[in-house]
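Numbering (the working numbering), first residue to last: 18 to 84.
In this text, a Cβ means the ideal position worked out from N, Cα and C, and glycines have one as well.
Fair warning: this is a prediction, and the values are worked out from it, not measured in the lab.
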(Lines of atoms letter the chains of each structure in order from A and count residues from 1; the text may use other names and numbers.)
(Lines give C-alpha, C1' and ligand atoms only; values in the text may rest on other atoms or scores of the structure.)
Protein backbone atom coordinates (compact mmCIF):
# COMPACT_ATOMS: atom_id res chain seq x y z
CA UNK A 1 0.00 0.00 0.00
CA UNK A 2 2.59 2.58 1.06
CA UNK A 3 5.66 0.64 -0.02
CA UNK A 4 7.17 0.73 3.48
CA UNK A 5 9.51 -2.13 4.18
CA UNK A 6 11.00 -3.52 7.36
CA UNK A 7 14.01 -1.18 7.30
CA UNK A 8 11.82 1.91 7.01
CA UNK A 9 9.59 0.78 9.88
CA UNK A 10 12.65 0.13 12.04
CA UNK A 11 14.03 3.59 11.23
CA UNK A 12 10.70 5.23 12.10
CA UNK A 13 10.56 3.31 15.40
CA UNK A 14 14.09 4.44 16.32
CA UNK A 15 13.26 8.08 15.53
CA UNK A 16 10.06 7.91 17.61
CA UNK A 17 12.00 6.30 20.47
CA UNK A 18 14.58 9.10 20.37
CA UNK A 19 11.97 11.86 20.21
CA UNK A 20 9.55 10.63 22.89
CA UNK A 21 11.67 8.35 25.06
CA UNK A 22 11.04 4.82 26.26
CA UNK A 23 8.68 5.81 29.10
CA UNK A 24 6.22 7.66 26.85
CA UNK A 25 5.86 4.95 24.19
CA UNK A 26 3.28 2.84 26.10
CA UNK A 27 1.20 5.95 26.81
CA UNK A 28 1.32 6.98 23.15
CA UNK A 29 0.36 3.47 22.02
CA UNK A 30 -2.51 3.28 24.49
CA UNK A 31 -3.82 6.69 23.46
CA UNK A 32 -3.60 5.76 19.79
CA UNK A 33 -5.45 2.50 20.45
CA UNK A 34 -8.24 4.29 22.33
CA UNK A 35 -8.54 6.86 19.56
CA UNK A 36 -8.86 4.18 16.88
CA UNK A 37 -11.40 2.26 18.98
CA UNK A 38 -13.52 5.38 19.56
CA UNK A 39 -13.35 6.29 15.88
CA UNK A 40 -14.54 2.83 14.84
CA UNK A 41 -17.34 2.92 17.41
CA UNK A 42 -18.47 6.36 16.25
CA UNK A 43 -18.37 5.29 12.61
CA UNK A 44 -20.58 2.24 13.17
CA UNK A 45 -23.12 3.59 15.68
CA UNK A 46 -26.20 5.40 14.41
CA UNK A 47 -26.53 9.09 15.16
CA UNK A 48 -28.32 9.84 18.41
CA UNK A 49 -29.98 13.10 17.48
CA UNK A 50 -33.38 13.72 19.03
CA UNK A 51 -35.50 15.70 16.58
CA UNK A 52 -38.83 15.43 18.40
CA UNK A 53 -40.34 18.84 19.13
CA UNK A 54 -40.40 19.86 22.77
CA UNK A 55 -43.58 21.14 24.34
CA UNK A 56 -43.32 24.83 25.07
CA UNK A 57 -44.73 26.06 28.34
CA UNK A 58 -46.60 29.35 28.24
CA UNK A 59 -45.43 31.83 30.89
CA UNK A 60 -47.84 32.35 33.78
CA UNK A 61 -48.63 35.55 35.67
CA UNK A 62 -46.18 34.81 38.49
CA UNK A 63 -43.38 33.87 36.08
CA UNK A 64 -40.62 36.50 36.20
CA UNK A 65 -39.05 35.37 32.91
CA UNK A 66 -40.09 37.12 29.74
CA UNK A 67 -40.81 35.09 26.62
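In this structure, the straight-line span from the alpha carbon of residue 36 to that of residue 56 is close to 26 Å. Here DSSP, grouped into helix, strand and coil, assigns residue 63 to coil.
Annotation: residue 34 to residue 21 spans about 19 Å, alpha carbon to alpha carbon.
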